[in-house]
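Chemist: Read in order, the letters of the sequence shown correspond to residues 623 to 672 in the numbering used here.
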Amino acid sequence: MTGAAFDFRKPPPGELGRQATGWLSAGCRRAAGPAARLLPYPVTLAVGEC
Numbered sequence: 623m624t625g626a627a628f629d630f631r632k633p634p635p636g637e638l639g640r641q642a643t644g645w646l647s648a649g650c651r652r653a654a655g656p657a658a659r660l661l662p663y664p665v666t667l668a669v670g671e672c
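1) Looking at the secondary structure, which residues open and close the alpha helix (DSSP H) in which P656 lies?
2) Could you compute how far the alpha carbon of A657 sits from the alpha carbon of G639?
3) Would you kindly work out how many angstroms separate the C-alpha atoms of P635 and L660, rounded to a whole number?
4) Identify, in the order they occur along the chain, each residue of the same chain with its Cβ nearer than 6 Å to the Cβ of L646, setting aside the five sequence neighbours on each side.
5) Assuming V665 and A654 make a contact with CB atoms under 8 Å, what is their CB distance in whole Å?
Shown next, in the form of structure tokens:
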């Protein structure tokens, strides 16, 4: 064991979090095309930090 302190306020993302981010990013990419055709202004969809 190492003596490194663990920051419980900001834990590292787990595998489920990485998969969810990938799924949401793919959904944003797929939705950007149809949204751009329907709206009169440029659309940018992205997954951000909470």
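Ideal Cβ positions, reconstructed from N, Cα and C, are used throughout, including at glycine.
Keep in mind the model is a prediction, meaning the values are calculated, not measured.
Modeler: Short version:
1) Segment E637 to L660, the alpha helix (DSSP H) holding P656.
2) Looking at the two C-alpha atoms, the distance is approximately 26 Å.
3) Between the alpha carbons of P635 and L660 lies a distance of about 35 Å.
4) Cβ neighbours of L646 beyond the five flanking positions: V669.
5) About 6 Å; that satisfies the 8 Å criterion.
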